[in-house]
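**Student:** Residue numbers (numbering that gives the first Met the number 0): 0 to 418.
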Amino acid sequence: MKESTVATKVMIAILCLGVAIYLAIYFAQGWKEDIVTTYAYSYSLDVGHEARGILVRTETPLIGSGGYMDQIVDEGAKAAKGEAVALLYSDPSALTTRQSIRSLEAEIEQLQYAYSSGTQNTDAARLDEQVINSIVSLRSLAAKGDLTNLDDSALNLRSMVFKRDYTYGNTDAASQLSQLITDKQAQLAELNRSLNQVSTMVYATASGVWSAGVDGWEGVVTPAMLDELTASSLAALLEEKHTPDDMAVGKLVTDSTWYFAALLDGTDTGLQSDWTYTLNFSGDYYGSVDMTLERIALADDQTLAIFSCRSHLSDTAMLRIQTVDVVTRELEGIRIPRKALRVETEDVANDDGTISQVNHYKVFTVVRSQAEEQEVEVLYTDDTYYLVRPIDGAAASRLRPGDEIILNSSGIFDGKVVR
0 MKESTVATKV
10 MIAILCLGVA
20 IYLAIYFAQG
30 WKEDIVTTYA
40 YSYSLDVGHE
50 ARGILVRTET
60 PLIGSGGYMD
70 QIVDEGAKAA
80 KGEAVALLYS
90 DPSALTTRQS
100 IRSLEAEIEQ
110 LQYAYSSGTQ
120 NTDAARLDEQ
130 VINSIVSLRS
140 LAAKGDLTNL
150 DDSALNLRSM
160 VFKRDYTYGN
170 TDAASQLSQL
180 ITDKQAQLAE
190 LNRSLNQVST
200 MVYATASGVW
210 SAGVDGWEGV
220 VTPAMLDELT
230 ASSLAALLEE
240 KHTPDDMAVG
250 KLVTDSTWYF
260 AALLDGTDTG
270 LQSDWTYTLN
280 FSGDYYGSVD
290 MTLERIALAD
300 DQTLAIFSCR
310 SHLSDTAMLR
320 IQTVDVVTRE
330 LEGIRIPRKA
340 LRVETEDVAN
350 DDGTISQVNH
360 YKVFTVVRSQ
370 AEEQEVEVLY
380 TDDTYYLVRP
390 IDGAAASRLR
400 PGDEIILNSS
410 GIFDGKVVR
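#1: Going by DSSP, name the residue or residues bridged to isoleucine 43.
#2: Quick one: is alanine 348 buried, meaning 16 or more other Cβ sit within 10 Å of its Cβ, or exposed?
#3: Do you know whose CA, among Gly52, Asn132, Arg418, Thr7, lies nearest phenylalanine 306's CA?
#4: Is there at least one non-hydrogen atom of the ligand ZN closer than 8 Å to the beta-carbon of arginine 399?
#5: Could you name the residues that DSSP lists as bridge partners for proline 389?
#6: Residues in the same chain with beta-carbon distance under 6 Å from alanine 261, minus the five sequence neighbours each way, listed in chain order, please.
#7: Can you tell me whether DSSP reads methionine 200 as helix, strand or coil?
#8: Around the C-beta of isoleucine 405, are 16 or more other C-beta atoms found within 10 angstroms, so that it is buried, or is it exposed?
#9: Please classify methionine 10 as buried or exposed, where buried requires at least 16 neighbouring CB atoms within 10 angstroms.
#10: At the level of alpha carbons, what is the spacing between lysine 8 and leucine 14?
#11: Going by DSSP in three states, glycine 286 sits in which element: helix, strand or coil?
#12: Ignoring anything shorter than 4 residues or poking outside the segment 187-249, list the alpha helix (DSSP H) runs there in chain order.
#13: Once the 5 residues before and after aspartate 127 are set aside, which same chain residues still bring their CB inside 6 Å of it?
#14: What would DSSP say about glutamate 74, mapped onto helix, strand or coil?
#15: Would you please state the rounded distance, in angstroms, between the beta carbons of asparagine 358 and valine 375? I believe it to be under 8 Å.
#16: If I'm right that valine 213 touches alanine 85 with Cβ under 8 Å, what's the distance once you round it to whole angstroms?
#17: Would the beta-carbon of glycine 282 fall within 9 Å of that of threonine 327?
#18: Secondary structure at threonine 59, three-state DSSP: helix, strand or coil?
#19: Check the C-beta distance from isoleucine 416 over to glutamine 369 and give it rounded, since I have them as a contact under 8 Å.
#20: Taking C-alpha atoms, which residue in Val18, Asp33, Val5 lies nearest to glycine 410?
#21: When we look at the beta-carbon of histidine 48 and count the other beta-carbons within 10 Å, is it buried (16 or more) or exposed?
#22: Relative to the alpha-carbon of valine 362, which residue among Val46, Ile390, Ser89, Ala188 has its alpha-carbon at the smallest distance?
#23: Measuring only the C-alpha atoms, how far is glutamate 345 from arginine 56?
#24: With a CB to CB cut of under 6 Å and the five nearest residues on each side skipped, what residues in its chain are close to glycine 286?
#25: Use the C-beta contact count for tyrosine 385: other C-beta atoms within 10 angstroms, 16 or more gives buried, fewer gives exposed.
#26: Cutting at 8 Å between CB atoms, please list the residues of its own chain near threonine 383, excluding the five before and the five after it.
#27: Using only alpha-carbon positions, find the residue among Lys240, Val387, Gln109, Ile295 that is nearest to leucine 176.
#28: What do you reckon, are the CB atoms on serine 41 and glutamate 403 nearer than 9 Å?
#29: For the beta strand (DSSP E) that contains serine 355, what are its first and last residues?
#30: Would leucine 295 be called buried (16 or more neighbouring beta carbons within 10 Å of its own) or exposed?
#31: Rank Ala12, Glu58, Trp274 by C-alpha distance to the C-alpha of threonine 221 and give the top, closest one.
#32: Compare the C-alpha of glycine 265 against each of Leu292, Phe412, Lys240, Ala298 and name the closest.
#33: Leucine 340: buried (16+ other C-beta within 10 angstroms of its C-beta) or exposed?
#34: Since valine 208 and lysine 77 should fall inside the 8 Å C-beta cutoff, what is the C-beta to C-beta distance between them, to a whole number of angstroms?
#35: Starting from serine 313, follow the alpha helix (DSSP H) in both directions and report where the run begins and ends.
#36: Quick one, are the C-beta atoms of arginine 309 and serine 255 less than 9 Å apart?
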């Protein structure tokens with residue numbers, strides 16, 4: 000009985016010891032700090048100044064009368080002198096008529112194509128396959144309730160059927176198709192006559208780029224005034240409000256050179272005349288435009304910059320007052336989080352006996368299972384990251400895009416085994 004009690008106690012003691020050892024190991028591992036890492040990657044950055052300004056062009060407004068307008072020339076397209084650029088309608092139903100005319104013109108064009116190609120040698124088997132595909136496509140559109148391309152699909156099917164009749168020797172197909180084209184042309188002529196009664200054509204008074212974006216600034220800001228423009232006068236100009244002429248239906252930009260008069264905060268911008276800079280637009284137009292700095296003028300705390308350009312006129316014809324980024328330099332480097340950068344300060348003796356402090360910027364990377372120290376140069380500082388590059392870009396051991404970098408620095412040193 001006593002031996003059994005002693006054995007039980009021994010077993011319980013061994014079990015408790017094992018649990019205690021397990022808990023000790025568990026807590027020891029829990030208190031051990033695991034490294035946190037991420038990956039560095041290549042990054043390019045445009046550095047410059049934000050500027051607010053106004054686009055200046057040689058513009059001629061076009062005047063017309065009519066409550067509704069339909070553009071004939073696309074926005075930003077070139078128009079020759081005397082070319083029709085827009086139609087003005089006195090009746091709102093004319094817009095519907097105009098749309099019907101466009102659809103009818105497209106239908107006649109396709110029918111004429113079917114008529115002209117019907118007598119040509121055609122692979123009958125391939126034509127049968129095209130007819131079947133057209134029927135399937137039409138059935139699919141109808142089943143989905145998609146009516147946007149229903150007319151075109153129906154017309155395409157009809158053209159395939161006529162061509163098939165030609166191929167199989169249906170002599171009536173040619174006359175049927177010819178009669179259909181004649182009927183459609185008569186219908187088109189009638190629609191054009193009804194449209195002419197309620198429409199007025201607007202013609203280009205000069206050659207240039209057409210735009211329907213009339214804003215009232217035409218004639219207020221002109222290239223001729225840029226030589227006398229100052230920072231203060233531009234600031235006042237940007238606060239003005241202008242409304243377009245009620246009779247203006249569009250405008251023509253008659254000179255391919257256009258300008259951007261910009262106002263920048265401060266006078267230390269680093270801009271130089273005759274240099275080409277990239278302006279990044281990010282408002283009504285998203286794009287980058289290379290422009291030449293024609294003139295720069297410094298005021299008390301502002302800089303006036305006049306840029307010129309001979310491209311992208313069609314893209315910017317509707318723009319007026321815009322905020323842009325003037326890029327002064329482009330940086331390329333390696334992007335790392337702010338936590339990854341370590342700063343070490345070194346005291347350096349100068350020639351005159353004084354001591355200066357020099358900062359060294361370092362990053363720790365994981366190479367196999369060890370931490371490796373890499374010294375870098377900081378190119379740009381942001382709230383969340385640094386843009387850096389290695390001090391020695393030709394060194395065998397240096398920071399590279401794709402390297403695994405260590406974020407937590409507690410107890411990390413060069414050569415430490417971290418895994």
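By construction, the Cβ of each residue, glycine as well, lies at the ideal position given by its N, Cα and C atoms.
**Tutor:** Concretely, from the data shown:
#1: For clarity, residue 43 is serine in the given sequence; the question names isoleucine instead. Serine 43 has Glu331 as its beta-bridge partners, per DSSP.
#2: Answer is exposed; the Cβ neighbour count stays below 16.
#3: Nearest C-alpha to phenylalanine 306 among Gly52, Asn132, Arg418, Thr7: Gly52.
#4: This structure lacks the ligand ZN; in fact it carries no ligand of any kind.
#5: Answer by DSSP bridge pairing, in chain order: Val375.
#6: Ala50, Gly52, Ala304.
#7: Under the three-state reduction of DSSP, methionine 200 is assigned to strand.
#8: By the neighbour-count criterion, in which a residue is buried when 16 or more other Cβ atoms sit within 10 angstroms of its Cβ, isoleucine 405 is buried.
#9: Taking all protein chains in view, the Cβ of methionine 10 is surrounded by fewer than 16 other Cβ atoms within 10 Å, so the residue is classified as exposed.
#10: In a straight line, the C-alpha of lysine 8 is about 10 Å away from that of leucine 14.
#11: When DSSP states are grouped into helix, strand and coil, glycine 286 belongs to the strand group.
#12: Secondary structure in the segment 187-249: the alpha helix (DSSP H) runs of 4 residues or longer, each lying completely within the stretch, are 230-237 in chain order.
#13: So no residue of the chain qualifies.
#14: For glutamate 74, the secondary structure class from DSSP, reduced to helix, strand or coil, is coil.
#15: Your pair asparagine 358 and valine 375 does not check out as a contact, with CB atoms roughly 12 Å apart and the cut at 8 Å.
#16: In this structure valine 213 does not touch alanine 85 by the C-beta definition: roughly 12 Å separates them, more than the 8 Å allowed.
#17: Going by beta carbons, glycine 282 and threonine 327 fall outside the 9 Å limit.
#18: The answer is strand: DSSP assigns threonine 59 an E or B state.
#19: The question names isoleucine, but residue 416 in the sequence shown is valine. Going by Cβ atoms, the distance from valine 416 to glutamine 369 rounds to 6 Å, so yes, they are a contact pair.
#20: Comparing alpha-carbon positions, the option among Val18, Asp33, Val5 lying closest to glycine 410 turns out to be Asp33.
#21: Around the Cβ of histidine 48, a 10 Å sphere holds 16 or more other Cβ atoms; the residue is buried.
#22: Ranking the options by Cα distance to valine 362, first place goes to Ile390.
#23: About 57 Å.
#24: Close CB contacts of glycine 286 within its chain, under the 6 Å cut and outside five residues either way in sequence, are with Phe280 (chain order).
#25: Buried, because 16 or more other Cβ atoms sit within 10 Å of the Cβ of tyrosine 385.
#26: Pro336, Arg337.
#27: In terms of Cα proximity to leucine 176, the closest of Lys240, Val387, Gln109, Ile295 is Gln109.
#28: Here serine 41 is not near glutamate 403, since their CB atoms are 9 Å or more apart.
#29: The continuous beta strand (DSSP E) containing serine 355 extends over residues 354-366.
#30: It should be noted that the sequence gives isoleucine, not leucine, for residue 295. Classification of isoleucine 295: buried, given that the 10 Å Cβ count is 16 or more.
#31: Cα-wise, what sits closest to threonine 221 is Glu58.
#32: Closest option to glycine 265, Cα to Cα, is Ala298.
#33: That one is buried.
#34: Indeed, because the Cβ distance is near 6 Å, the residues count as touching under 8 Å.
#35: Element bounds for serine 313: 312-315.
#36: Contact flag set, yes.
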